[in-house]
Structures are given as structure tokens and as C-alpha cells.
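Encoded as C-alpha cells, the structure appears first; notes follow it.
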Amino acid sequence: MTLIDSMPGEDNLLLFEEGPPETEAELYCDGASSGNPGDAGTGVVIRFKDRPGSSTFNKKRKISRYIGVATNNVAEYTALVSGLKEARALGLKRVSIFLDSELLVKQLTGVYKIKSPHLRPFWEEAGNILKKFDSYTIAHVRREFNTEADKLARDAVKKNSGKCLINKK
């Protein structure tokens, strides 16, 4: 399976926007799978500062996407890559990334090696995008601090569960 094969059409994308982004933001990502593998979805929340010089991140952009049948780890990586791409498209230069997947955090920070060959392309793509930021941090957070992204991912699965996606080449 290639990254393109794992991403169905954009018709499953829900995007909500509040205000223009600053160059700095917080990125919360999560993936969900109803089985392992099973119907899967991603959730991304990008939080922006209210105004230049503000210390609070109140404005948001949210993405919820159904990605078809995937493992939980593939859904987690897909959410991260989606969030990083959106952050770059918004022109963000600095991003603080918060993930509730300890595996992803440890793989991205070099603590764990990539043992599953099917995860390597996702890891490489995330790494290539991260290099384009002026600075970034990656932190592991407990699930209860990532509830908004988690809900977006679970909602994508619930809304689309059982749909058959056909790959057209």
C-alpha cells in the first residue's frame, strides 16, 4: 500500500477555520481505528494565537478525515502527516506538536527504531516535512489532553464506517 492508496478522496475532509494563523502554532494529532486493522480516521487540531504577541492559542483549524481500512499506527502517522502538511500550507514556521501515541513520539525523536516496514514511508514523510519548519517540538501527552483531535478521528470513523472504498488507478 502506498501513501496515496491509503488516502481516499477529499470528500471525507471536514475543515473548520477561525481567523488567520500566526507563524507559530500548536498541533494536536490523533488517529483512530475500529479494528487493527479496521475502519480508520484522523483528527487534527491546529491552535493559533489570538493576535500577534498574545500568549494564548485560542483560534483553531480542525481536520477530520476517514482514511479507509488501516491500523491504528498508520492512522496516527496519517494524522501527523496531514497536520504537518496543513501547518506548512498555512505558512507556519514554528510548531509545537502534541501526540498521545508514545510509539510515534519515540520513533520521531529517535528513541525507537522503525521495526514495521509499512510505517517507514510515513515516518520518512513526517521527517521530511519537519525539516521545513524553522523550529518544532514533539511531546507526548496523555490521552485526556488530546481529546479534541481524538474526537475528530473517532467521528470520522463513525460517520464513514462500513463504506467500501475503491482504488481507481
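Just so you know, the working numbering puts 292 at position 135 of the sequence shown, and the rest follows in order with no gaps.
From the three backbone atoms N, C-alpha and C, an ideal C-beta is built for every residue, glycine too.
Treat the numbers as computed from the prediction; the structure is a model and nothing was measured.
In this structure the region 253-269 touches the region 290-307; the number of beta carbon pairs closer than 8 Å is three or more. Secondary structure at Thr235: helix, using DSSP grouped into helix, strand and coil.
Beta-bridge partners of Arg311 (DSSP): none assigned. Of the residues assessed, Thr266 falls on the exposed side of the cut-off, its CB having fewer than 16 other CB atoms within 10 angstroms. Following the DSSP letters along the chain, one finds Ile286 in no beta strand (DSSP E) but inside the alpha helix (DSSP H) bounded by residues Arg277 to Leu287. A residue is called buried when at least 16 other Cβ atoms come within 10 angstroms of its Cβ; Arg299 does not meet this threshold and is exposed. DSSP, reduced to helix, strand and coil, places Arg299 outside both helices and strands of the structure shown, so it counts as coil.
Separation of the CB atoms of Ala232 and Ala310 is rounded to 7 Å, and the pair is thereby assigned contact status at 8 Å.
One alpha carbon belongs to Glu183, the other to Ala197, and they sit about 24 Å apart.
Where Lys272 is concerned, there is no enclosing beta strand (DSSP E), because DSSP gives it neither an H nor an E.
In the structure shown, Leu249 falls within a coil segment according to DSSP collapsed to helix, strand and coil.
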